Amino acid sequence: MRPSPLSALIAAQLMLVACTQFPELDAAVSKRAKAADYPALINVEPILARTENNGSAPEVIQSNLESRAAALRNRAARLKAGRVIDAPARTRLDQDPQTNR
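The sequence shown lines up with residues 2 to 102 when you count with the working numbering.
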């Protein structure tokens, strides 16, 4: 049985990869780093307990998002209706500006 051209190509690539030189990773670490002590391990339970108690309830988050979405929809409706500026603000804008010099 003859090997297929694809399997011969794969075998050739594997032989080339096997000859690759790897960089000296040990030389990348300084002597000071090698001599350093391992970091102290700490208990994560108090940290996890604080994070669990700080979060808002999903129901509160959902209601806040729904109310903000409703407010944005109302604002978009007002903008589409063209009632962006109320009458008193329109009157002030139509007046000549007074500068303080």
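Using N, Cα and C, we set each Cβ at its ideal position, and we do this for glycine too. All values derive from a computational prediction rather than experimental measurement.
Straight-line measurement puts the Cα of Gln-99 at about 34 angstroms from the Cα of Ala-78.
Lys-32 and Pro-4 have their alpha carbons spaced roughly 51 angstroms apart. Per DSSP, the unbroken alpha helix (DSSP H) holding Arg-91 starts and ends at 88-95. Assignment of Thr-52 by DSSP, reduced to helix, strand and coil, places it in the helix class. Between the alpha carbons of Arg-74 and Glu-60 lies a distance of about 21 angstroms.
Taken in chain order, the whole alpha helix (DSSP H) runs of length 4 or more contained in the stretch 14-53 are 32-36.
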